[in-house]
Amino acid sequence: MNRDAFEMIVGLEVHVQLRTRTKAFCRCPTSFGDPPNRNTCPVCLALPGALPVLNARAVELAVRAALALDATVHNRSVFARKNYFYPDLPKGYQISQFEHPLATGGGVSLDGGRRIGITRIHMEEDAGKSVHDRFAGATAVDLNRAGVPLIEIVGAPDIRSSREAGAYLRALREILVYADVSDCSMEEGSFRVDANVSARRRGESALRTRTEIKNLNSFSNAERALDIEFARHCAAHEAGEVVVQQTMLYDAPADAVRPARSKEESHDYRYFPDPDLPPLVLAPGYVDAARATVPEPPGARRARYVSQGVTSPDAHALTADRGVVTYFEAVVAAGVPAPTAAHWVLGEVLAARNAGAGDAAFVEAGRLADLVAMVRANEVSSSAAKAIYATMIGDPGAPRAIAARDGRLQVGDDAALRAWVDEVLAENPAEAARFLGGEARLLGVLVGLVMKKSSGRADPKKVGQLLSGRVAGR
Amino acid sequence: MTDAVAGSAALIAASVRAGNVSARELASAALDAADRHQRRLNAFVSMDREATLAAADAAPRGGVLAGVPVAIKDNIATPFLTTSCGSRVLEGYVSPFEATAARKLREAGAVLIGKTTMDEFAMGSSTEHSAFGPARNPHDPDRVPGGSSGGSAVAVAAGVCPIALGSETGGSVRQPAAFCGVVGVKPTYGRVSRFGLVAFASSLDNVGVFGRTVDDAALALEVISGPDAAHDATSATGDVPRFRASAFDEPSPRGGAHVGDLSGVVIGRPREYFPGSLDAAMRDRCDRALDALRAAGAEVRDVSLPHTDLAIPAYYIVAPAECSANLARFDGVRYGARVTGDGLRAMYEATRSNGFGEEVTRRILLGTYVLSAGYYDAYYRKAMQARALIRADFESVFASGVHALFTPTTPTTAFPFGSMADPYDMYLSDIFTVTANLAGVPALSLPIGRVHGLPVGGQVIAPRFAEAGMLRVASALERALGADAHR
Amino acid sequence: MAVSADDVRRVAALARIGVAESRIPALVRELDGILAHMEVLARVTELAPDVELAGMPLAADEPGAVPLARPREQFAPAMRDGFFLVPRLATHDAAAGAS
Chain Z
0 MNRDAFEMIV
10 GLEVHVQLRT
20 RTKAFCRCPT
30 SFGDPPNRNT
40 CPVCLALPGA
50 LPVLNARAVE
60 LAVRAALALD
70 ATVHNRSVFA
80 RKNYFYPDLP
90 KGYQISQFEH
100 PLATGGGVSL
110 DGGRRIGITR
120 IHMEEDAGKS
130 VHDRFAGATA
140 VDLNRAGVPL
150 IEIVGAPDIR
160 SSREAGAYLR
170 ALREILVYAD
180 VSDCSMEEGS
190 FRVDANVSAR
200 RRGESALRTR
210 TEIKNLNSFS
220 NAERALDIEF
230 ARHCAAHEAG
240 EVVVQQTMLY
250 DAPADAVRPA
260 RSKEESHDYR
270 YFPDPDLPPL
280 VLAPGYVDAA
290 RATVPEPPGA
300 RRARYVSQGV
310 TSPDAHALTA
320 DRGVVTYFEA
330 VVAAGVPAPT
340 AAHWVLGEVL
350 AARNAGAGDA
360 AFVEAGRLAD
370 LVAMVRANEV
380 SSSAAKAIYA
390 TMIGDPGAPR
400 AIAARDGRLQ
410 VGDDAALRAW
420 VDEVLAENPA
430 EAARFLGGEA
440 RLLGVLVGLV
450 MKKSSGRADP
460 KKVGQLLSGR
470 VAGR
Chain W
0 MTDAVAGSAA
10 LIAASVRAGN
20 VSARELASAA
30 LDAADRHQRR
40 LNAFVSMDRE
50 ATLAAADAAP
60 RGGVLAGVPV
70 AIKDNIATPF
80 LTTSCGSRVL
90 EGYVSPFEAT
100 AARKLREAGA
110 VLIGKTTMDE
120 FAMGSSTEHS
130 AFGPARNPHD
140 PDRVPGGSSG
150 GSAVAVAAGV
160 CPIALGSETG
170 GSVRQPAAFC
180 GVVGVKPTYG
190 RVSRFGLVAF
200 ASSLDNVGVF
210 GRTVDDAALA
220 LEVISGPDAA
230 HDATSATGDV
240 PRFRASAFDE
250 PSPRGGAHVG
260 DLSGVVIGRP
270 REYFPGSLDA
280 AMRDRCDRAL
290 DALRAAGAEV
300 RDVSLPHTDL
310 AIPAYYIVAP
320 AECSANLARF
330 DGVRYGARVT
340 GDGLRAMYEA
350 TRSNGFGEEV
360 TRRILLGTYV
370 LSAGYYDAYY
380 RKAMQARALI
390 RADFESVFAS
400 GVHALFTPTT
410 PTTAFPFGSM
420 ADPYDMYLSD
430 IFTVTANLAG
440 VPALSLPIGR
450 VHGLPVGGQV
460 IAPRFAEAGM
470 LRVASALERA
480 LGADAHR
Chain L
0 MAVSADDVRR
10 VAALARIGVA
20 ESRIPALVRE
30 LDGILAHMEV
40 LARVTELAPD
50 VELAGMPLAA
60 DEPGAVPLAR
70 PREQFAPAMR
80 DGFFLVPRLA
90 THDAAAGAS
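Going down the list, the protein sequences come from chains Z, W and L. Just so you know, numbering that gives the first Met the number 0 puts 209 at position 210 of the first sequence, and the rest follows in order with no gaps. Just so you know, numbering that gives the first Met the number 0 puts 455 at position 456 of the second sequence, and the rest follows in order with no gaps. Just so you know, numbering that gives the first Met the number 0 puts 4 at position 5 of the third sequence, and the rest follows in order with no gaps.
And the structure:
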């Protein structure tokens, strides 16, 4: 089979749980892992007479997500009822948006420069959970998730390879986590992926029949499932067989894509505007105010940092963590050149944070900038600066005061330096002899010994000059 | 004691506040009266003497409805007694939460004495579609009391309690009020929270009130009105004026003289509501009422609401469509009567076919059909378009200087049981009432006379949120008609 | 648009209402009769001026669900270990939740 003759066409639909405390249409908590049906009330149990009231925070987060994805947010959107029966759908309909979604357009730029379009972003509520394997002969229904706020991000069929699908999903998740819209945890189901796949001969412009794959619960599963399904489509096309439009499931343990057992009837969701919910109308200025809360996307930041002299790996490392990048920007804003700031933040600061200092490692950016300035002015050595920084985590004092108190200010006084040099040479006669005999590579070792003796206070440059002078002086 | 509950709600509450009678005594008297009428009229589907007397003892004694016995339609969630909606699918169901309207009544001191007979899920105009047997018209027990809130109308008409709650989707308060000879008010859509009212058609549903007099109805409506944004996104946010005070104490718009003076008030008489086919005796009672309005100082003006003929078709698309989704929750999974079958699908189908009666089934199927693929545009979208035109009709007539409209409430008086064999004939009994639901405007029915001993209702329709003015017109008409209202 | 017996079967299936075959002819007649009265709507071409709605009120994201006065077990037809129980789905792994 000549798979290269075919081109993969993929569009992804991603459901993202918004980070709210309470559900979309009632004030039940959204917490994960509680006993079954603990977090349910008249509204999310669909008791007779209960009515939905939309969560303001869910709107805020959905709008921010849409803006972070460059989508156009509509001032007026409409919730509709999507009607179908399922035991974990308490009302017999899902509240979603259909004809008038919250946002349309937008896209995600991938590192290679390709941009994957977004068709629409709409708000909806989650269903509950049906557990089929807990009790013999019975399905157990837990409605704790029912009514949790989601956005569905419908991607355009712009993706051309499984690798690109993975890149899109990673970039999408990074943007959403960055915008503080969602935890995007695939394990907890707060980031769920369905894929529409088809294959066509290269050069063809029309799209062929697609299938939908559900249950893609990790990025690698998504990539794997797309490859398997694409291969199946290619084989069918080559053999002149018909690809049936249907829903497939990825069975990760078996590494296979299988048709979902077909339902007894085709879907007819009978969407219509939900009469319990008037249109969602965003007040004038709402979207602009929300735009101000959208952080610069990580890709754009990386490009900016690289243009400021930060290496590309450092730029990626910085943007991998929202807290780190925020601190980095503050340090740069306090006057530290970007490469130096990156060096400090990714080095000492991250190490201290990971070693247990936590967010206390993010000492005031101004103080860190002062410390960096002292290094540049040769007031302290870089090794002394590291020790001073470690002290600063638990000490609110100015770095210069700490350095003075702890005796870490650099010593440039020739007499003192000479004394240290003499002592080191005397204490290490073998090395001294070899060095003075012309073995220049021992310079570093000796400088290090002098630094150690001076508890980091000696100016290493001057120490080097003094040592070299001894050789030249012979 | 029976005399005590036969008085007006305002007087009863005043005597309770003065300590002349206790809430418990009144509740007991109302329960006695209910029991006495129950076999003949079947107004109630559930009563519980012990629970009611306990509620009476707990009722706040200083409220505006202190100790007033009330009946509540069985589709409004109450903390005790059933909320079974006249349906087998909810037989015996007791709600674990309370409707806002029921809570407000209780907090004002009113005491719930029983839940009332209704057409299943409020779908019907006669209570013949109740799964628990129909209520009967106190003026002629061989005739229907009207519906769907028939039991509440009967409870008030029979003197069991001075006020009662009902609900309206297409006239389910006004039509039984007209048939039973009492006052029935449908407020502006959103004026009363729908939280706890079991939904039939959400965009049309309203909680409404019955009273023996306009004054009592105004008092009850005032108590249950108000914003409830935390529980109902369609509840109106505006403040509630004093319906009762404005109806009885305030001067007329011209700064006019006395209570009941309608000088300066323009009453529209929409010609579409007085068709040539209207029964002559009904027309005669309406003409008498219009004369009474003129005598009270009002100007009566002929007006037109040109899209009225679209109302019944639009209503019978929109209401079933919404009902088909609203009633999907009755699936036997979380509450209600479950009928098992072979597997989940069979459980759904058995639960729902056993749980729902013929009319509800018909409307769910109709609603499912009009929303299904290929039919949505032809039916639902067109119906919404027609609905907007009907709303615009009202807006333009009210913008032309008309303060309120006067029409007959129903085309006929109460009809005999079993006389409406064709479902569509039954639907036509809503012909003068559905328009107010479609437009969201307030409307009420009050007694304007009798024909062959059966009550005739006259309808007053007002602009959105103009309940105070509507009640003032109704009160003036009630006063001007005097004893003619019941002959 | 005339309603057929298959239409009735289709919508009854969508609505999950078991309808006996013997009842279908009557339902066809009734629905057809009712829908015949709706044909007048086809004439509606005029559009009413748009009513600009203020939009809906929103709720603050603060816990505060309406409490249940009675435990779920008291109104649920079948519960076990806190779960609502239903007959096992024949096609359970085929069925999608929200999508």
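Beta carbons: idealized from backbone N, C-alpha and C, even for Gly.
Three or more Cβ pairs closer than 8 Å define a contact, and the region 37-48 of chain Z meets that threshold against the region 64-71 of chain L. With respect to chain L, the C-beta atom of residue 146 (chain Z) has no partner C-beta closer than 8 Å. Contact between the region 33-41 of chain W and the region 118-137 of chain W is present, with at least three C-beta pairs closer than 8 Å. In this structure, the beta-carbon distance from residue 385 (chain W) to residue 30 (chain L) does not fall below 8 Å. Identification of chain Z residues near residue 15 (chain L) by a Cβ-Cβ cut-off of 7 Å yields 84, ordered along the chain.
In the DSSP secondary-structure assignment, residue 81 (chain W) is not bridged to any residue. For the pair residue 174 (chain Z) and residue 256 (chain Z), the CB atoms are not nearer than the 8 Å cut-off. Going by DSSP, residue 116 (chain Z) is part of the beta strand (DSSP E) stretching over 114-124.
Residue range 78-82 is occupied by the beta strand (DSSP E) that includes residue 82 (chain Z). In this structure, residue 9 (chain Z) lies near residue 196 (chain Z), with their beta-carbon atoms less than 8 Å apart. The beta-carbon of residue 463 (chain W) is placed no less than 8 Å from the nearest beta-carbon of chain L. Comparing alpha-carbon positions, the option among W:69, W:61, W:194 lying closest to residue 52 (chain W) turns out to be W:69. The criterion of a C-beta distance shorter than 8 Å is satisfied by residue 184 (chain W) and residue 443 (chain W). Among the bridge pairs identified by DSSP, residue 324 (chain Z) is matched with none. Counted as a single uninterrupted DSSP element, the beta strand (DSSP E) harbouring residue 403 (chain W) occupies residues 403-407. The alpha-carbon of residue 307 (chain W) is positioned some 15 Å away from that of residue 275 (chain W). Contact between residue 61 (chain L) and residue 26 (chain Z) is confirmed by a C-beta separation of about 7 Å, below the 8 Å threshold.
Pairing residue 193 (chain W) with residue 50 (chain Z) gives a Cβ-Cβ distance under 8 Å.
For residue 271 (chain W), the three-state secondary structure derived from DSSP is helix. Using beta-carbon distances, residue 385 (chain Z) does not count as an interface residue toward chain W, since no partner is under 8 Å.
Rounded to whole angstroms, the gap between the alpha carbons of residue 25 (chain L) and residue 32 (chain L) is 10 Å.
For residue 138 (chain W), no CB of chain Z lies under 8 Å from its own CB, so it is not counted at the interface with that chain.
In the three-state DSSP reduction, residue 49 (chain W) falls in the helix class (H, G or I).
Cα atoms of residue 199 (chain Z) and residue 240 (chain Z): separation of roughly 13 Å, rounded to the nearest angstrom. When secondary structure is reduced to three states using DSSP, residue 42 (chain Z) falls in the coil class, being assigned neither helix nor strand. Here the C-alpha atom of residue 86 (chain Z) lies approximately 39 Å from the C-alpha atom of residue 292 (chain Z).
Comparing alpha carbon positions, the residue from W:373, W:17, W:351 closest to residue 269 (chain Z) is W:373.
Proximity to residue 467 (chain Z) across Z:451, Z:438, Z:454 peaks at Z:438, based on C-alpha coordinates.
Taking 8 Å as the cut-off, the beta carbon of residue 349 (chain W) is found no closer than this to the beta carbon of residue 356 (chain W). With contacts defined as CB atoms closer than 8 Å, residue 332 (chain W) and residue 85 (chain L) qualify as a contacting pair. The Cβ atoms of residue 416 (chain W) and residue 143 (chain W) lie closer than 8 Å to each other. For residue 87 (chain L), the nearest beta carbon of chain Z is closer than 8 Å to its own beta carbon. Residue range 22-40 is occupied by the alpha helix (DSSP H) that includes residue 37 (chain W). Within 7 Å of the CB of residue 55 (chain Z), the CB atoms of chain L belong to 57, 58, 59, 60, in sequence order along the chain. Against chain Z, the CB of residue 32 (chain L) has no partner CB under 8 Å away; the residue lies outside that interface.
Within the region 22-33 of chain Z, the residues whose Cβ lies closer than 9 Å to some Cβ of chain L are 22, 24, 25, 26, 27, 28, listed in chain order.
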